[in-house]
Structures are given as structure tokens and as C-alpha cells.
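This report refers to the structure that appears directly beneath it.
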Amino acid sequence: MTFLSDQEISWIKTLLKKIDFLSNASEEEISQIANSVEKKQYKPGQSIIFQGEISNCLYIINKGRVSVNITDGREKKKVAELSSGDYFGEISLLEPTGATATLKAEEPCLIYAITSDDFKKIVENRPSIIEILKRKIAQRKGSVSSTKK
Numbered sequence: 106m107t108f109l110s111d112q113e114i115s116w117i118k119t120l121l122k123k124i125d126f127l128s129n130a131s132e133e134e135i136s137q138i139a140n141s142v143e144k145k146q147y148k149p150g151q152s153i154i155f156q157g158e159i160s161n162c163l164y165i166i167n168k169g170r171v172s173v174n175i176t177d178g179r180e181k182k183k184v185a186e187l188s189s190g191d192y193f194g195e196i197s198l199l200e201p202t203g204a205t206a207t208l209k210a211e212e213p214c215l216i217y218a219i220t221s222d223d224f225k226k227i228v229e230n231r232p233s234i235i236e237i238l239k240r241k242i243a244q245r246k247g248s249v250s251s252t253k254k
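Mapped onto the numbering used here, the consecutive letters of the sequence shown carry residue numbers 106 to 254.
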């Protein structure tokens, strides 16, 4: 576990409050999530997660740019670019699943990750958060499948 300063915890809380499916999380839940994150750093060109790789983390980008690439057969296609405040991996918060894309650091990145186990412990009694997350996942799955066509 990486030690985080009070300033980093404060910044993580700010990032978490901007995530749509956490919009009705309490201040205490936001604090618990912020204190559960692990800080990860990536160099330009380094893969964060590979398409098909089983993941159990939500990743929140603090600094840097991340490319989202989908391989369909032999064709590799860049479908999006993410930056500070964006997140990915939310599907794995509900169920360990293969990543729908390969995500790669385009520049030095500082990313915070929270495991599905930690997330579930914090929000287990908040069905509204889980429902909002399920809707967000359905939207995102729909947008990924439409970019493959």
C-alpha cells in the first residue's frame, strides 16, 4: 500500500466527487474510498491494462493522458483519449471481467486505483450507488460495441 499525503487524499476526494456514479455518496464514503486507493505511476508507452486482461480495479487519472485502443481481429483502433479526472475499469467494480480495451500511457501518468473488494465494502449498503454504476456500465458497454463496428 502506498502512503498518501493529506494533500493527495484531499485531491482524490475532489476527483471522486466528480465521478457520476458517486454523486450521491456521503462524505464519509468518499473519505473511505479515498483512503483505500493505491497510487500508480506509468511511463509514456507503458500499458496500464490489456484488452481481455481480467481486472478488479477502478482507475482514476490524476495526471497525464491515456489512449484507449481496441483490437478487433488484426486491426488496432484508437477509440478515445482520457486525461485528468477521467476514469476507467468501472465494470470490474461489480464483477471481475476482461478489459474491453487496452489502455496505454501517452505521457507520464499518475493514476489512483481502488479494488472492487474495497469499493464493495464501502458501498454495500447503498443500492442507489450500485444502480447508478450499473446504468453507467450499460452506457459504456454500448459505446464500446458501437465503436467496434
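We put the CB at the ideal spot given by N, CA and C, even for glycine. These figures come from a predicted structure and were not determined experimentally.
Three-state class that DSSP yields for residue 119 in the structure shown: helix
Where residue 185 sits in the DSSP three-state scheme: strand
Local conformation of residue 156 per DSSP, three classes: coil
Given 8 Å, three or more beta-carbon pairs between the segment 229-247 and the segment 194-210: yes
Cα-Cα separation, residue 142 to residue 128: 18 Å
Integer Cβ distance of residue 126 from residue 219, believed to fall under 8 Å: With a Cβ gap of about 13 Å, residue 126 and residue 219 do not count as contacting.
Same chain, Cβ closer than 6 Å to residue 183, neighbours up to 5 away in sequence not counted: 172 and 174
Residue 217 versus 163, 137 and 148, residue with shortest Cα-Cα distance: 163
Sequence-distant residues of its chain with Cβ nearer than 7 Å to residue 122 (five each side left out): 135
Cβ neighbours of residue 111 in the same chain (closer than 7 Å, five flanking residues each side left out): none
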